[in-house]
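Visitor: For reference, the structure I am asking about is given below.
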Amino acid sequence: MGVCVMNYAVIENGVVTNIAVWDGESAWQPTNALVIPVSDNVRIGWFYDKGKLSSPTQPPKTHDELLREAENERQCLLDSANSLIMNWQSDLLLGIISENNKGNLLLWKEYVNSLMSVDLSLVPEITWPERPEIIR
């Protein structure tokens, strides 16, 4: 039968200072540290108190981090809208666009303009414009 290896947390002063993969049998034991088996999600920096592990609380995101996330969100929304609009614009240029798709093109161009006018500096209190329904 094979050796079973597991993750073990090295705990010093109530904090996980290292994660080791160990078979639990070979000669290894850090000096002045507690070693316990842990699941894959436990990370360095977690706390150990009274037999329980807990993750550290995450500091609040900075304004710059929130701004970058909002910029990424807007770009994703724009990319999605532009992929739809592109086909309708091609149909319009070729003169083969249906009346429904003319309406779609107008609605979605207004949506793109609304996305571009969102003031990202208001993070985290941004209200994104509602995605229009596609007219069938």
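All the letters of the sequence shown, read from the start, carry residue numbers 1 to 136 under the UniProt record's numbering.
Using N, Cα and C, we set each Cβ at its ideal position, and we do this for glycine too.
Within the continuous alpha helix (DSSP H) that includes VAL112, where are the two ends?
Guide: Residues 99 to 117.
Visitor: What separation, rounded to the nearest whole angstrom, lies between the Cα atoms of ALA70 and ASN41?
Guide: In a straight line, the C-alpha of ALA70 is about 28 Å away from that of ASN41.
Visitor: Report the three-state DSSP secondary structure of ALA81 (helix, strand or coil).
Guide: The answer is helix: DSSP assigns ALA81 an H, G or I state.
Visitor: Could you name each continuous alpha helix (DSSP H) segment of 4 residues or more that falls completely within the segment 32 to 97, going from the start of the chain to the end?
Guide: Fully enclosed alpha helix (DSSP H) runs of 4 or longer: 63 to 94.
Visitor: Work out the CA separation of ASN72 and SER117 for me, nearest whole Å.
Guide: The alpha-carbon atoms of SER117 and ASN72 are separated by roughly 15 Å.
Visitor: Which one or two residues does DSSP pair with ASN18 in a beta bridge?
Guide: ASN18 pairs with VAL10.
Visitor: Could you tell me whether the Cβ atoms of LEU77 and TRP128 are closer together than 8 Å?
Guide: Result yes, Cβ atoms of LEU77 and TRP128 sit closer than 8 Å.
Visitor: Quick check: what's the CA-CA separation for LEU53 versus ASN82?
Guide: About 47 Å.
Visitor: Please report how far the alpha carbon of LYS61 lies from the alpha carbon of GLU125, in whole angstroms.
Guide: When rounded, the distance between both Cα atoms is 14 Å.
Visitor: For VAL5, which residues of its own chain have a beta-carbon under 6 Å away from its beta-carbon, when the five flanking residues on both sides are left out?
Guide: Closer than 6 Å at the Cβ level, and outside the excluded window around VAL5, lie VAL21, ASP23.
Visitor: Take the Cβ of ILE11 as the centre, count every other Cβ of all protein chains shown within 10 Å, and call the residue buried at 16 or more, exposed below.
Guide: ILE11 comes out buried.
Visitor: Tell me the DSSP secondary structure of SER26 in three-state form.
Guide: If DSSP states are grouped into helix, strand and coil, SER26 belongs with coil.
Visitor: Taking the alpha carbon of GLU133 as the point to measure from, which residue in LEU93, VAL123, LEU120, TYR111 has its own alpha carbon closest?
Guide: Of the listed residues, the one whose Cα sits closest to GLU133 is TYR111.
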